[in-house]
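Numbering (the working numbering), first residue to last: 6 to 123. Backbone N, C-alpha and C fix where the C-beta goes; we use that ideal spot for every residue, glycine too. Since we're looking at a predicted model, the values are computed, not measured.
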Amino acid sequence: QVQFVESGGGLVQPGGSLSLSCVASGASGSLFSTYSMSWYRQAPGKERELVASISSPSGRLNYAESVQGRFTISRDNAKNTVYLQMNSLKSEDTAVYYCNRRFTAFAWGQGTQVTVSS
Numbered sequence: 006q007v008q009f010v011e012s013g014g015g016l017v018q019p020g021g022s023l024s025l026s027c028v029a030s031g032a033s034g035s036l037f038s039t040y041s042m043s044w045y046r047q048a049p050g051k052e053r054e055l056v057a058s059i060s061s062p063s064g065r066l067n068y069a070e071s072v073q074g075r076f077t078i079s080r081d082n083a084k085n086t087v088y089l090q091m092n093s094l095k096s097e098d099t100a101v102y103y104c105n106r107r108f109t110a111f112a113w114g115q116g117t118q119v120t121v122s123s
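Quick look at the structure:
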């Protein structure tokens, strides 16, 4: 079973930046590279929402309209890792961020808390 460990969250002021990482275990590097991967987030009292995706094998990137132009998703298959660079953060970006395989999710990890506040 593939497991994900997210990290890199924290408290940041509006306009600041954070870089999130997600390491997948339980899958070989070659298998991980075949997964389309996504970042999701869940704010208090709200449903989990899709933030960004990177497809395999095309590498096509997709973003939620709310983060377009501010967030960048990337991956390093040699490290079984997916990244999310978040710039120009807003208070509404406050949430727990998760990564998972797109379309057919594995079990969810613990996520990493991102809090944007002055």
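- Inter-segment contact for the stretch 53-71 and the stretch 20-36 is absent: fewer than three beta-carbon pairs are separated by less than 8 Å.
- Using a Cβ distance threshold of 9 Å, Y103 and R65 do not count as a contacting pair.
- In the same chain as S122, and ignoring 5 residues on each side of it, no C-beta atom comes closer than 6 Å to its own.
- Between the stretch 89-97 and the stretch 108-121 there are three or more C-beta pairs closer than 8 Å, enough to call the two in contact.
- According to DSSP, residue pairing for G15 in a beta bridge involves V119.
- Here E52 is exposed: its Cβ has fewer than 16 other Cβ atoms, across all protein chains shown, within 10 Å.
- Taking the Cβ atoms as the reference, N85 lies roughly 15 Å from S43, outside the contact range of under 8 Å.
- Considering only F37, S12 and G20, the residue with the shortest C-alpha distance to R107 is F37.
- Around the CB of L89, 16 or more other CB atoms lie within 10 Å, so the residue is classed as buried.
- When secondary structure is reduced to three states using DSSP, E97 falls in the helix class.
- Taking C-beta atoms as the reference points, F111 and Q6 count as a pair closer than 9 Å.
- With 16 or more neighbouring CB atoms inside 10 Å of its own CB, G116 falls in the buried class.
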